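Residue numbers (numbering that gives the first Met the number 0): 0 to 256.
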Amino acid sequence: MGLNVKDLYFSYGKGHDVLSDISFNIPDGQVLSLLGPNGTGKTTLLKCVSGIFKPQKGKVLVDDIDILSLPYKKRASLIGYVPQNTSSVFPLSVADTIMMGRTAVSGRIKNEDKDIVFDIIKKLNLENLSFAAINKISGGQRQRVFIGRALAQRPKLIVLDEPTSSLDLKNQLMVLELICRTAKEYGTSVLMSVHDLNLCAMFSDKVLIINNSKVFSCGSPKDVISEESVMLTYGVNSEVKKSENDVYIKLLRYKKE
Numbered sequence: 000m001g002l003n004v005k006d007l008y009f010s011y012g013k014g015h016d017v018l019s020d021i022s023f024n025i026p027d028g029q030v031l032s033l034l035g036p037n038g039t040g041k042t043t044l045l046k047c048v049s050g051i052f053k054p055q056k057g058k059v060l061v062d063d064i065d066i067l068s069l070p071y072k073k074r075a076s077l078i079g080y081v082p083q084n085t086s087s088v089f090p091l092s093v094a095d096t097i098m099m100g101r102t103a104v105s106g107r108i109k110n111e112d113k114d115i116v117f118d119i120i121k122k123l124n125l126e127n128l129s130f131a132a133i134n135k136i137s138g139g140q141r142q143r144v145f146i147g148r149a150l151a152q153r154p155k156l157i158v159l160d161e162p163t164s165s166l167d168l169k170n171q172l173m174v175l176e177l178i179c180r181t182a183k184e185y186g187t188s189v190l191m192s193v194h195d196l197n198l199c200a201m202f203s204d205k206v207l208i209i210n211n212s213k214v215f216s217c218g219s220p221k222d223v224i225s226e227e228s229v230m231l232t233y234g235v236n237s238e239v240k241k242s243e244n245d246v247y248i249k250l251l252r253y254k255k256e
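Okay, structure coming up:
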């Protein structure tokens, strides 16, 4: 069943509407990427879907369960959330931080939990940092740790706010491939915000563009990403080439009018 967002509305106060009539769904095992210019409400939407913010109207359903009605521990078993800013951290080790994803679900640590955690550490190429304190490693390494913690939860939904923003190209590809593989293997729905249009096209089953607080377009990358949508959303000229299976976006140099 996956994620189903219905008629979501959120405002920070009178005259400051951030999200209006936002509706979309992500089936089990699919990845939806969220696009839109800065300040358009992407992070706010991710926090509403994760249960961090409570929208004034609308529903967020995970497998037909209203997540806003759930206590924190039950919500943590359904949703894994990775914020954009991971700089404020306690001096836990990499392994212990990822293990928190298991304790959020099972409480007492079992051998199975350890196997899951060290498998994730291996897949994220963090083996040489397993016992390093996360406040002593780089921002990109720390980002991989928090993504690993979300994967360790084995939740029904993973929500990621710009998961590749601190990563180099190799690690961007590695992390996104792991997220997509996890989604397919465990039937996990994934909602993530991204800025790189080509990464979005490569790794997304669906794309949702938000502009002016509303849904501008939602569908497959081939249906949603076009020269017109890039211009209307970002004010940037582009060349978009499509084949049977791929979409490639070339952004043209910005020229101030």
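For glycine and all other residues, C-beta sits at the position ideal for the given N, C-alpha and C. The structure presented is a predicted model; accordingly, all values stated were derived computationally and were not measured.
In the assembly as shown, glycine 138 is an exposed residue. Its beta-carbon has fewer than 16 other beta-carbons within 10 Å.
Here the region 4-13 makes contact with the region 45-64; the two share three or more CB pairs at distances below 8 Å.
Of all alpha-carbon atoms in Leu190, Thr181 and Met201, the one lying nearest the alpha-carbon of leucine 207 is that of Leu190. When secondary structure is reduced to three states using DSSP, methionine 230 falls in the helix class.
Measuring C-alpha to C-alpha distances from leucine 231 to each of Cys179, Phe215 and Lys240 identifies Phe215 as the nearest. Beta-carbon to beta-carbon, alanine 151 and isoleucine 66 are separated by about 20 Å, too far to satisfy the 8 Å threshold. Counting along the chain, the unbroken beta strand (DSSP E) around valine 206 starts and ends at 205-210. For glycine 57, the enclosing beta strand (DSSP E) covers residues 56-61.
In the DSSP assignment, isoleucine 78 forms a beta bridge with Leu156.
Contact annotation: leucine 18 and leucine 44 have beta-carbon atoms nearer than 8 Å.
Taken through DSSP and simplified to helix, strand or coil, tyrosine 11 comes out as coil. Residue nearest to lysine 183 within the set Asn170, Phe117 and Leu156 is Leu156 (criterion: CA-CA distance). Taking all protein chains shown into account, leucine 196 has 16 or more neighbouring C-beta atoms within 10 Å of its C-beta and is therefore buried.
Burial is judged here by how many other beta carbons sit within 10 angstroms of a residue's own beta carbon; tyrosine 71 has fewer than 16 and is exposed. Inclusion of leucine 33 and isoleucine 209 in the CB contact set at 8 Å is warranted, their separation being smaller than that value.
DSSP places glycine 139 in the helix class (H, G or I) of the three-state scheme.
Taking a contact to require three or more Cβ pairs closer than 8 Å, the region 162-171 and the region 125-136 do not qualify as touching. Proline 82 sits close to aspartate 160, with the two beta carbons spaced by under 8 Å. Between the alpha carbons of glycine 79 and lysine 73 lies a distance of about 11 Å. Boundaries of the beta strand (DSSP E) around leucine 34: 30-34. Taking each of Asp27, Phe23 and Gly38 in turn and checking the Cα distance to serine 212, the smallest one comes out for Gly38.
Of Met0, Tyr11, Pro26 and Leu123, the smallest CA-CA separation from serine 219 is found for Pro26. Excluding its 5 nearest sequence neighbours in each direction, isoleucine 224 has C-beta neighbours in its own chain below 7 Å: Leu196, Ala200, Val206, Val239, Val246 and Ile248, listed in chain order.
The residues Thr163, Gln171 and Leu175, in chain order, have a CB closer than 7 Å to that of leucine 198 in the same chain once the five nearest residues on each side in sequence are set aside.
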